[in-house]
Amino acid sequence: MKIKVRVTCFWEHDKSYLDTLKRYGRGKLSWKNVEFVADDNYDRLIILTRPHKDFPGYDSGKAITFLTEPPASPNRRDNACVRTEAMYLPLPFWPAEIYGARHHGGNGIRIQKTKLFSCVTSDLNFMEGHFHRLQMVNVLDQLIEEGLDIWGKNYGNSFHEKLTKYKGEIVQKYDGLWPYKYHFISENSFENGYFTEKIVDPLITETLCFYDGCQNLEEFIDERAFVRVNVKEPLEAAARIIEMIQNNEYRQRIKYIKQQKKRFLTDLNPLNIIWMAVNDKDVLKECLL
């Protein structure tokens, strides 16, 4: 029996958000026994952090909340619902085409890794995580002589202007991932259970990510598929990054990255996580390794 599910989020109208859900579904608005809708004829309502401001009243008995924002976010609300899932919902940007071997979830087109190392970060600096990330990027810019490309959107600060490896803004984030063997990023918050597209996107592009953020990420993702660094100790982290690149760590870890890529395209696909919730499964347990 099909379950009709409506998804509402605070950043986009429900009907428009169907386009994102369709990308997650590889062109389909369905997943197993779930059909995604944007009208009032739904069986279950999935609230991503909080409903859109234009969302009408709803039956709280049909509603389940997934948090997509950390505790400090001003977008967090107490929603009327059956439950708030313990599992944060990571939402990758998801490219139009997913390259790579079919048995790892790709389209069969080989990924060409022609570049070495990338960072994609805006110049925002109002959160603790922003500060540490920018500090780390600045250290990498100073210490790595060649092979580093820094991309990111400017919001009026002068951070990017001071960098020697800054390449400019980037329209499609995945252009800063597909060609690269290595990537650095850290979350805006450092919480247990909270990880985002910042780690998922590199896995999808089969890129080895130097990462800081989720404090227990190893419970969700094979620790061999990424490299944890401590951005609060940027010189130590940079030395670890440089050593691993020199040792060709990518070659040693790529098989584990591909395995985790497949998980995020299937079992940990946002649509599958929603499917778990509306079928009353233990979502957090199912998402752990």
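Per this note's numbering, the very first residue in the sequence shown carries number -9; after that it's consecutive.
Ideal placement from N, C-alpha and C gives every residue a C-beta, glycine not left out.
(1) Taking the Cβ atom as the reference point for each residue, do Leu198 and Phe254 lie within a distance shorter than 8 Å?
(2) Tell me, which residues are paired with Gly158 by DSSP?
(3) What is the DSSP secondary structure of Val219, counted as helix, strand or coil?
(4) Tell me which residues share the same chain as Cys71 and place their Cβ nearer than 7 Å to its Cβ, disregarding the 5 neighbours each side in the sequence.
(5) I believe Leu286 touches Ala228 by the beta-carbon criterion, under 8 Å. Please report the beta-carbon distance rounded to the nearest angstrom.
(6) Along the beta strand (DSSP E) that carries Cys55, what are the first and last residues, could you check?
(7) Roughly how many whole angstroms lie between the Cα atoms of Tyr89 and Thr(-2)?
(8) Residue ranges of each alpha helix (DSSP H) run of no fewer than 4 residues wholly in the stretch 74 to 159, ordered along the chain?
(9) Can you look up Lys252 in the DSSP assignment and give me helix, strand or coil?
(10) What is the C-beta distance between Ser176 and Val221, in whole angstroms, given that I count them as a contact (C-beta under 8 Å)?
(11) Where do the ends of the beta strand (DSSP E) carrying Val288 lie?
(12) Who are the Cβ neighbours of Arg123 in its own chain at under 7 Å, not counting the five residues just before and after it?
(13) Can you say whether Met(-9) is buried or exposed, counting buried as having 16 or more other CB atoms within 10 angstroms of its CB?
(14) How many whole angstroms separate the CB atoms of Gln249 and Asp212, which I take to be in contact at a CB cut-off of 8 Å?
(15) Can you look up Cys277 in the DSSP assignment and give me helix, strand or coil?
(16) Please identify the residue among Ile189, Thr195 and Ile264 whose C-alpha is closest to the C-alpha of Leu207.
(17) Anyone know if the C-beta pair for Arg(-4) and Trp84 falls short of 8 Å?
(18) Does the Cβ-Cβ distance between Asn65 and Phe0 come in under 8 Å?
(19) Could you have a look at Thr313 and say whether DSSP puts it in helix, strand or coil?
(20) Can you list, in chain order, the residues of its chain whose CB lies under 6 Å from that of Asp30, leaving out five sequence neighbours each side?
(21) By DSSP, does Arg40 sit in helix, in strand, or in coil?
(22) Closest to Gln242 by CA distance: which of Val217, Glu226 and Leu79 is it?
(23) Should the stretch 93 to 103 be called in touch with the stretch 17 to 30, which here means at least 3 C-beta pairs below 8 Å?
(24) Looking at Asp113 and Asn69, is the spacing between their C-beta atoms short of 8 Å?
(25) Taking just the CA atoms, how far does Asn128 sit from Val273?
(26) Kindly identify the DSSP beta-bridge partner or partners of Arg34.
On the basis of the data shown:
(1) no
(2) Trp141
(3) coil
(4) Ile37, Ser50, Ala53, Ile54 and Thr55
(5) Not covered by the structure: residue 286. The range shown for the chain is -9 to 279.
(6) Note on identity: in this sequence residue 55 is Thr, with Cys being the wrong assignment. Taken as a continuous stretch (DSSP letters only), the beta strand (DSSP E) holding Thr55 covers Ala53 to Phe56.
(7) 29 Å
(8) 118 to 133
(9) helix
(10) 5 Å
(11) Residue 288 falls outside the range modelled here, since the chain spans only -9 to 279, and no answer is possible.
(12) Thr111, Ser176 and Val221
(13) exposed
(14) 7 Å
(15) helix
(16) Ile189
(17) no
(18) yes
(19) The structure shown does not extend to residue 313, since the chain is modelled only from -9 through 279, so no value can be given for it.
(20) none
(21) coil
(22) Val217
(23) no
(24) no
(25) 38 Å
(26) Val(-5)
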